Amino acid sequence: MEMYEIDELIKKLTLEEKIGMIHGQGIFHTKGVERLGVPPLWMSDGPMGVRKELQDDNWNPKGTTEDFVSYLPSNSALACTWNRELAKEAGNVLGEEARGRGKDVILAPGINVIRSPLCGRNFEYMSEDPCLIAEMAVPLIQGIQQQDTAACVKHFAVNNQETRRLDVDVQVGERALREIYLPGFEASVKKGKTWTLMGAYNQFRGEHCCHNSYLLKEILRKEWGFDGAVISDWGGIHDTRQAAENGLEIEMSVTDCFDQYYMAQPLLEQVKAGEIKEAWIDEKVRNILVLMNRLHMLDGERKPGTCNSREHQETLLNCAQEAVVLLKNEENILPLDLKGKKRLAVIGENAVKLHANGGGSAAVKALYEISPLLGLRMELGGNVEITYAPGYASSQENTEEKENWQSSSLEDRAYKESYREKEDDAVKAAREALIEEAAALAENHEDVILFCGLNHEFDLEGQDRADMKLPYGQEELIRRVLEVNENTVIVVLAGSPVDLEAFADQAKAIVYSSYNGMEGGHALAKILLGKVNPSGKLAYTFPKRLEDCPAHSIGEFPGSDTVSYGEGIFVGYRHYETRQIPVRYCFGHGLSYTSFAYRDLSVEKRENGFQVSLKVSNTGEREGKETVQVYVKASGKTIPRPVKELRAFSKVRLLPKETRQLSFFLEMQAFSCYSEEENRWIVPKDRYEICVGSSVQDIRLQQEVHVAAQYL
Ligand code: BGC
Numbered sequence: 116m117e118m119y120e121i122d123e124l125i126k127k128l129t130l131e132e133k134i135g136m137i138h139g140q141g142i143f144h145t146k147g148v149e150r151l152g153v154p155p156l157w158m159s160d161g162p163m164g165v166r167k168e169l170q171d172d173n174w175n176p177k178g179t180t181e182d183f184v185s186y187l188p189s190n191s192a193l194a195c196t197w198n199r200e201l202a203k204e205a206g207n208v209l210g211e212e213a214r215g216r217g218k219d220v221i222l223a224p225g226i227n228v229i230r231s232p233l234c235g236r237n238f239e240y241m242s243e244d245p246c247l248i249a250e251m252a253v254p255l256i257q258g259i260q261q262q263d264t265a266a267c268v269k270h271f272a273v274n275n276q277e278t279r280r281l282d283v284d285v286q287v288g289e290r291a292l293r294e295i296y297l298p299g300f301e302a303s304v305k306k307g308k309t310w311t312l313m314g315a316y317n318q319f320r321g322e323h324c325c326h327n328s329y330l331l332k333e334i335l336r337k338e339w340g341f342d343g344a345v346i347s348d349w350g351g352i353h354d355t356r357q358a359a360e361n362g363l364e365i366e367m368s369v370t371d372c373f374d375q376y377y378m379a380q381p382l383l384e385q386v387k388a389g390e391i392k393e394a395w396i397d398e399k400v401r402n403i404l405v406l407m408n409r410l411h412m413l414d415g416e417r418k419p420g421t422c423n424s425r426e427h428q429e430t431l432l433n434c435a436q437e438a439v440v441l442l443k444n445e446e447n448i449l450p451l452d453l454k455g456k457k458r459l460a461v462i463g464e465n466a467v468k469l470h471a472n473g474g475g476s477a478a479v480k481a482l483y484e485i486s487p488l489l490g491l492r493m494e495l496g497g498n499v500e501i502t503y504a505p506g507y508a509s510s511q512e513n514t515e516e517k518e519n520w521q522s523s524s525l526e527d528r529a530y531k532e533s534y535r536e537k538e539d540d541a542v543k544a545a546r547e548a549l550i551e552e553a554a555a556l557a558e559n560h561e562d563v564i565l566f567c568g569l570n571h572e573f574d575l576e577g578q579d580r581a582d583m584k585l586p587y588g589q590e591e592l593i594r595r596v597l598e599v600n601e602n603t604v605i606v607v608l609a610g611s612p613v614d615l616e617a618f619a620d621q622a623k624a625i626v627y628s629s630y631n632g633m634e635g636g637h638a639l640a641k642i643l644l645g646k647v648n649p650s651g652k653l654a655y656t657f658p659k660r661l662e663d664c665p666a667h668s669i670g671e672f673p674g675s676d677t678v679s680y681g682e683g684i685f686v687g688y689r690h691y692e693t694r695q696i697p698v699r700y701c702f703g704h705g706l707s708y709t710s711f712a713y714r715d716l717s718v719e720k721r722e723n724g725f726q727v728s729l730k731v732s733n734t735g736e737r738e739g740k741e742t743v744q745v746y747v748k749a750s751g752k753t754i755p756r757p758v759k760e761l762r763a764f765s766k767v768r769l770l771p772k773e774t775r776q777l778s779f780f781l782e783m784q785a786f787s788c789y790s791e792e793e794n795r796w797i798v799p800k801d802r803y804e805i806c807v808g809s810s811v812q813d814i815r816l817q818q819e820v821h822v823a824a825q826y827l
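For the sequence shown, the residue numbers in this note's numbering are 116 to 827.
Below is the structure:
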């Protein structure tokens with residue numbers, strides 16, 4: 116449909132019809148205008164797969180058997196692949212499955228910055244680094260939208276905690292906003308060309324994000340030229356006039372009084388009374404029609420989509436394999452060589468626990484989910500006897516998605532305490548028994564794998580964690596098991612960084628995986644047994660102590676009614692590196708079963724940047740993949756700068772002894788920072804170095820470059 120036709124269509128719509136198009140008329144859809152061929156717009160969560168079908172006017176599941184879907188690796192897993200092609204393929208799966216279920220908009224990806232290890236929704240987000248977020252979000256969005264499904268990048272913006280999420284007022288300086296919190300969204304709009312975006316629940320500088328004039332009108336529309344639709348988070352609107360005026364298209368909420376939404380009857384009345392311009396409503400309707408047009412909902416041929424195809428499952432296995440991070444591998448304990456061996460001990464509830472149906476709105480009704488223990492059985496067959504002991508127990512009922520939690524999600528708006536588990540004498544005794552059983556098993560087995568970590572009782576929407584500790588007595592469990600069997604392999608499964616200090620020095624091998632989708636346990640088994648070489652890299656730092664984390668070091672997480680991001684741009688590794696705070700596992704870290712050598716760095720000045728090239732070789736015996744990371748180091752002479760900032764990366768596959776030449780182009784933006792005095796990007800006079808390495812700490816090559824001070 117041409118633009119003029121859309122304008123003609125708008126002229127034919129009554130005010131009531133237009134109002135019907137801009138707010139929820141069911142918990143996941145708007146109203147169409149049948150007489151003019153305008154369909155309703157159907158949305159669905161979320162980032163890890165298309166959510167199960169719910170009733171139209173409440174949050175109870177329909178309970179049918181036709182809504183099982185593919186369960187994707189969470190964004191926190193996908194980001195650890197550092198693989199743009201896989202992000203695109205994962206996007207294709209999500210977009211195609213959304214279409215397969217008749218949805219128009221998939222409420223994904225979540226790309227908020229991981230500011231604290233404690234945020235309950237970290238698992239839905241990608242990284243502490245804006246460059247990695249931007250680079251992974253763009254192909255993911257493109258992948259979704261290639262399937263005639265709209266991505267909905269969320270939550271715009273500075274939505275970095277769950278405590279008081281509906282109202283907390285985030286105060287963040289302009290520099291940190293521009294350098295840390297916005298680049299992922301900016302890239303999603305400008306490069307990813309996302310067709311929709313979701314406003315965040317929280318306030319930003321005293322105004323709710325869903326109708327925040329600075330974020331939506333100034334930055335999103337004017338500066339970035341966004342011409343798609345902004346959708347509110349469910350219940351994120353608080354004011355009819357602001358919502359009408361400040362660049363939001365669709366109001367969604369959690370209650371069934373659809374006509375009472377701010378952008379329903381109240382808006383209709385104010386327009387009729389001449390208090391709100393009808394032209395603002397027309398603008399929203401135009402943006403919605405443009406969106407529908409892009410999705411071929413108004414004319415043309417629309418892709419049909421599909422669910423649960425074999426190809427999807429294969430893609431998700433590939434993603435899952437690359438998302439697993441080998442953190443430590445002393446004495447080459449891994450991969451486990453079970454040739455000729457008959458026994459294997461598996462310990463820890465996360466070996467058997469299924470995670471798909473938990474976490475909040477991201478929960479998925481998975482067609483299947485392969486647990487690590489099942490994965491091991493699939494890979495080992497019947498000749499190895501696997502004995503399992505749980506070692507610890509979670510409180511089962513909390514980790515399954517609670518039916519209908521969302522209908523009351525606005526009522527407990529006040530403040531949910533960060534989650535801390537209860538420990539009484541009975542709990543302690545039960546734990547002790549589980550530990551004894553596990554230790555006895557570990558003692559009489561040569562090969563032991565212990566699966567520990569978190570689950571969606573902790574990695575959960577609406578609630579932050581109280582600390583970084585492993586719950587359910589797991590520290591004691593791991594300590595005791597390592598005491599009796601020092602070769603035990605520790606696998607940590609969690610959607611956020613956790614405290615590994617209790618065992619990280621003692622354990623010889625540690626593997627990390629976030630919630631890794633339906634093939635996650637299969638992928639882990641293949642890696643543990645050496646059928647696949649690990650190639651994941653951490654997308655977020657594992658600090659040693661909570662107090663070391665920037666937001667916590669200044670007492671600004673979770674704040675109170677207001678939270679001030681006083682750490683500014685020093686988020687994640689920018690803080691640890693600059694302030695020389697030792698961490699357990701740094702950003703970008705991840706080992707392989709082979710080794711890589713870097714050489715021949717060359718940096719050539721070009722008119723608008725630097726051409727960087729180097730050679731990387733596989734010096735080991737097995738094929739593997741390495742993620743080469745390029746950081747810019749500024750000494751911060753004139754303006755404080757992080758010691759290193761990720762500016763480019765590339766993942767390469769190398770056969771044994773193979774060497775590849777890699778090239779990167781660093782534009783001047785790579786050297787820039789945002790000046791609050793001048794309100795613009797500048798390249799300050801400074802000493803700059805280009806550092807190339809295998810993690811933020813493992814820099815293999817570096818070279819100083821002369822960069823002229825300039826405005827960008
Ligand atoms: C979440 C969103 C989600 C929406 C719809 C809200 O609680 O914050 O991320 O898309 O619900 O389920």
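The beta carbon of each residue, even a glycine, is placed where N, CA and C say it ideally should be. Just so you know, these numbers come straight off a predicted model, no measurement behind them.
query, result
"Which whole-angstrom value is the C-beta distance of P697 and T656, which I expect to be below 8 Å?", "Between T656 and P697 the Cβ distance is about 11 Å, and since that is not below 8 Å, they are no contact."
"Can you tell me the Cα-Cα spacing of V153 and L413, whole angstroms?", "7 Å"
"Below 6 Å CB to CB, which residues in the same chain sit around I248 once its five sequence neighbours on both sides are set aside?", "I226, M241, S242, G299"
"Taking 8 Å as the cut-off, is the C-beta of Y316 nearer than that to any heavy atom in the ligand BGC?", "yes"
"Assuming V747 and Y789 make a contact with CB atoms under 8 Å, what is their CB distance in whole Å?", "Wrong, their Cβ atoms sit about 15 Å apart, outside the cutoff."
"For K305, which three-state DSSP category applies?", "helix"
"I want to know whether the segment 429-444 touches the segment 642-658 - three or more CB-CB distances under 8 Å.", "yes"
"If we call anything under 9 Å between Cβ atoms a contact, is S778 one with S732?", "no"
"If P176 sits next to E168, beta carbons under 8 Å apart, how far is it from one beta carbon to the other, in whole angstroms?", "7 Å"
"Tell me whether the segment 267-287 and the segment 677-686 touch, counting them as touching only if at least three CB pairs, one residue from each stretch, are closer than 8 Å.", "yes"
"DSSP three-state call for A581: helix, strand or coil?", "coil"
"Quick check on G141: does DSSP put it in helix, strand or coil?", "strand"
"From R737, E819, G455, V718, pick the residue whose C-alpha is nearest to that of G645; which is it?", "R737"
"Could you give the C-beta distance for C434 and L193, rounded to a whole number, given that I count them as a contact under 8 Å?", "6 Å"
"Go ahead and label K659 buried or exposed: buried means 16 or more other beta carbons lie within 10 angstroms of its beta carbon, across all protein chains shown.", "buried"
"Less than 8 Å separating the Cβ of W197 from some heavy atom of the ligand BGC?", "no"
"Can you give me the C-alpha to C-alpha distance between E120 and L128, rounded to a whole angstrom?", "13 Å"
"Could you check what DSSP says for D284 in three-state terms: helix, strand or coil?", "strand"
"With 16 other CB atoms within 10 Å as the buried threshold, where does S750 fall?", "exposed"
"Let's test the definition: count the other Cβ atoms within 10 Å of the Cβ of H821 and tell me whether it reaches 16, buried, or not, exposed.", "exposed"
"State the Cα-Cα distance for the pair P755 and S810, rounded to the nearest angstrom.", "22 Å"
"Please find out if some non-hydrogen atom of the ligand BGC comes closer than 8 Å to the beta-carbon of E366.", "no"
"Whole angstroms is fine: what's the gap from R336's alpha carbon to D452's?", "57 Å"
"State buried or exposed for C372, treating a residue as buried only when at least 16 other CB atoms are found within 10 Å of its CB.", "exposed"
"Let's test the definition: count the other Cβ atoms within 10 Å of the Cβ of D539 and tell me whether it reaches 16, buried, or not, exposed.", "exposed"
"Between the C-alpha atoms of E760 and I448, what's the straight-line distance to the nearest angstrom?", "33 Å"
"Kindly indicate which three-state DSSP category C246 falls into: helix, strand or coil?", "helix"
"Quick one: measure Cβ to Cβ for H560 and A460, integer angstroms, because I've assumed they're closer than 8 Å.", "4 Å"
"Would a C-beta distance cut-off of 9 Å place G724 and E484 closer than the cut-off?", "no"
"Let me make sure I understand the geometry here. Which of L312, W339, C234, H470 has the alpha-carbon closest to that of P188?", "H470"
"The ligand BGC heavy atoms versus the CB of R576: any closer than 8 Å?", "One point to set straight first is that residue 576 is Glu, not Arg, in the sequence displayed. Yes."
"Would you say the segment 591-598 touches the segment 549-565, given that touching needs at least three Cβ pairs under 8 Å?", "yes"
"Out of R290, P224, S231, which one is the CA nearest neighbour of Q260?", "P224"
"Can you tell which of A481, S510, A466 has its C-alpha closest to the C-alpha of L491?", "A466"
"State the DSSP-derived secondary structure class of R150, mapped to helix, strand or coil.", "helix"
"Just grab the DSSP bridge partners of N444 for me.", "A624"
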